[in-house]
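Let me begin by presenting the structure, written as structure tokens, before commenting on it.
Residue numbers (this note's numbering), protein chains in the order written: chain S, 1 to 111; chain V, 112 to 227.
Here you go:
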């Protein structure tokens, strides 16, 4: 079993839809959670960084962490074609330790 | 802020030659940098962790004599692929750890290496 599980998709939604992306993890020591967006042939771009359980909002993006269920989510409101990319969840124990990534979910927002 | 650059963005080389890839943190000092490799439609695979002024820590299965990493300053880390072969062709991405006690990593744009 992988430490971090993420549905690879592809996920296709119409423009304007609310998108829900999810990851589950097995290591209860993970304390820091991140979401990255990666366009084809580009490096990942940090979207959200969270530490504790709960919600964090930034513009159209909301990150949700439920440590008791070992489950994290990223919600994208009013999705746009420019949101079409691969979304990677990542997490670590803190202290500068290496990140453990999910496999990434490929999202396509269609006109 | 938190911009990381990589150079070159792509490189084509002949089998047997060595290729050096640079990773720079442009607007912050990075005591720790990471090197990843990514194959098409796959997630990032951590190759090594690079700390300024010390030897890199390589992940299991990564040949340290083939992938030489040097982190000589707080803003520059280099990855040298020695005696490259076609199977080394891949997308190489570096990242730098944020400062101020935060643990997020900021990624460079990546370098696409093609070995003929």
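Even glycine gets a Cβ: it sits at the ideal position worked out from N, Cα and C.
C-alpha distance - residue 52(S) paired with residue 91(S), whole-angstrom precision = If you number the first chain from 1, residue 52(S) lands on position 52. If you number the first chain from 1, residue 91(S) lands on position 91. Straight-line Cα distance between these residues: approximately 12 Å.
Can you name, in chain order, every residue of its own chain whose Cβ lies under 6 Å from the Cβ of residue 160(V), other than the five neighbours on each side?
-> Within the second chain, the letter at position 49 stands for residue 160(V). So the qualifying residues of the chain are 145, 168.
Do three or more CB pairs link the stretch 52–61 of chain S to the stretch 91–105 of chain S at distances below 8 Å?
-> no
Within the chosen definition, does the stretch 206–222 of chain V reach the stretch 163–177 of chain V through at least 3 CB pairs nearer than 8 Å?
-> no
Give, in chain order, every residue of the stretch 211–223 of chain V whose Cβ lies closer than 8 Å to some Cβ of chain S.
-> 213, 214, 215, 216, 217, 218, 219, 220, 221, 223
Have a look at residue 198(V) and residue 226(V) and give me their C-alpha separation to the nearest angstrom.
-> Taking the second chain and counting its residues from 1, one reaches residue 198(V) at position 87. Taking the second chain and counting its residues from 1, one reaches residue 226(V) at position 115. One C-alpha to the other measures close to 8 Å.
Indicate the three-state DSSP secondary structure (helix, strand or coil) for residue 198(V) in the structure shown.
-> For this step, residue 198(V) is matched to residue 87 along the second chain. Of the three classes helix, strand and coil, the one that applies to residue 198(V) here is helix, per DSSP.
Would you kindly work out how many angstroms separate the C-alpha atoms of residue 130(V) and residue 194(V), rounded to a whole number?
-> Counting from 1 along the second chain, the entry for residue 130(V) is found at position 19. Counting from 1 along the second chain, the entry for residue 194(V) is found at position 83. Straight-line Cα distance between these residues: approximately 8 Å.
Under 9 Å by beta carbon: chain S residues contacting residue 225(V) = Translated into the one-based positions of the second chain, residue 225(V) becomes position 114. Those within 9 Å of residue 225(V) in chain S number zero; the least Cβ separation is about 13 Å.
Anyone know if the C-beta pair for residue 107(S) and residue 9(S) falls short of 8 Å?
-> Here residue 107(S) corresponds to residue number 107 of the first chain, with the count starting at 1. Here residue 9(S) corresponds to residue number 9 of the first chain, with the count starting at 1. A contact, by the Cβ cut-off of 8 Å.
Can you pull the DSSP bridge partners for residue 72(S)?
-> As a position in the first chain, residue 72(S) is number 72, starting the count at 1. Per DSSP, 23(S), 65(S).
Identify the contact partners of residue 44(S) in chain V, using a Cβ-Cβ distance below 7 Å as the criterion.
-> Translated into positions along the first chain, residue 44(S) becomes position 44. By Cβ distance, chain V contributes 218.
Quick one: residues in its chain with C-beta nearer than 8 Å to the C-beta of residue 17(S), no 5 flanking neighbours on either side, listed in chain order?
-> For the purposes of this step, residue 17(S) is identified with residue 17 of the first chain, where counting begins at 1. Correct list, in chain order: 79, 109.
Collapsed DSSP secondary structure at residue 82(S) in the structure displayed = Translated into positions along the first chain, residue 82(S) becomes position 82. Helix at residue 82(S).
Contact belief for residue 93(S) with residue 30(S) at Cβ below 8 Å, rounded distance in angstroms = Position 93 of the first chain, counted from the start, is the residue given in the question as residue 93(S). Position 30 of the first chain, counted from the start, is the residue given in the question as residue 30(S). Their Cβ separation, rounded to whole angstroms, is 6 Å, which keeps residue 93(S) and residue 30(S) in contact under 8 Å.
State the DSSP-derived secondary structure class of residue 7(S), mapped to helix, strand or coil.
-> Position 7 of the first chain, counted from the start, is the residue given in the question as residue 7(S). The answer is coil: DSSP assigns residue 7(S) none of H, G, I, E or B.
Along the stretch 74–100 of chain S, what residues have a CB closer than 7 Å to any CB found in chain V?
-> 88, 92, 94, 96, 98, 99
Cβ-based neighbour list, residue 37(S), same chain, cut-off 6 Å, excluding 5 preceding and 5 following | For the purposes of this step, residue 37(S) is identified with residue 37 of the first chain, where counting begins at 1. In chain order, 45, 47, 85, 87 place their CB closer than 6 Å to the CB of residue 37(S), counting only its own chain and leaving out the 5 sequence neighbours on each side.
Test: residue 62(S) CB closer than 8 Å to a CB of chain V = Your numbering for residue 62(S) matches position 62 in the first chain. For residue 62(S), the answer is no, since every Cβ of chain V falls outside 8 Å of its Cβ.
Cβ pair residue 141(V), residue 213(V) closer than 8 Å | Within the second chain, the letter at position 30 stands for residue 141(V). Within the second chain, the letter at position 102 stands for residue 213(V). No, Cβ-Cβ distance for residue 141(V) and residue 213(V) is not below 8 Å.
Secondary structure at residue 97(S), three-state DSSP: helix, strand or coil?
-> What you label residue 97(S) is simply residue 97 of the first chain in a count that begins at 1. Residue state, collapsed to three classes: coil.
Which residues in the same chain as residue 75(S) place their Cβ atom closer than 6 Å to its Cβ, once the five residues preceding and following it in sequence are excluded?
-> Sequence index remark: in the first chain, residue 75(S) carries index 75 (1-based). If we look at residue 75(S) and ignore the five residues flanking it on each side, its Cβ neighbours are 20, 62.
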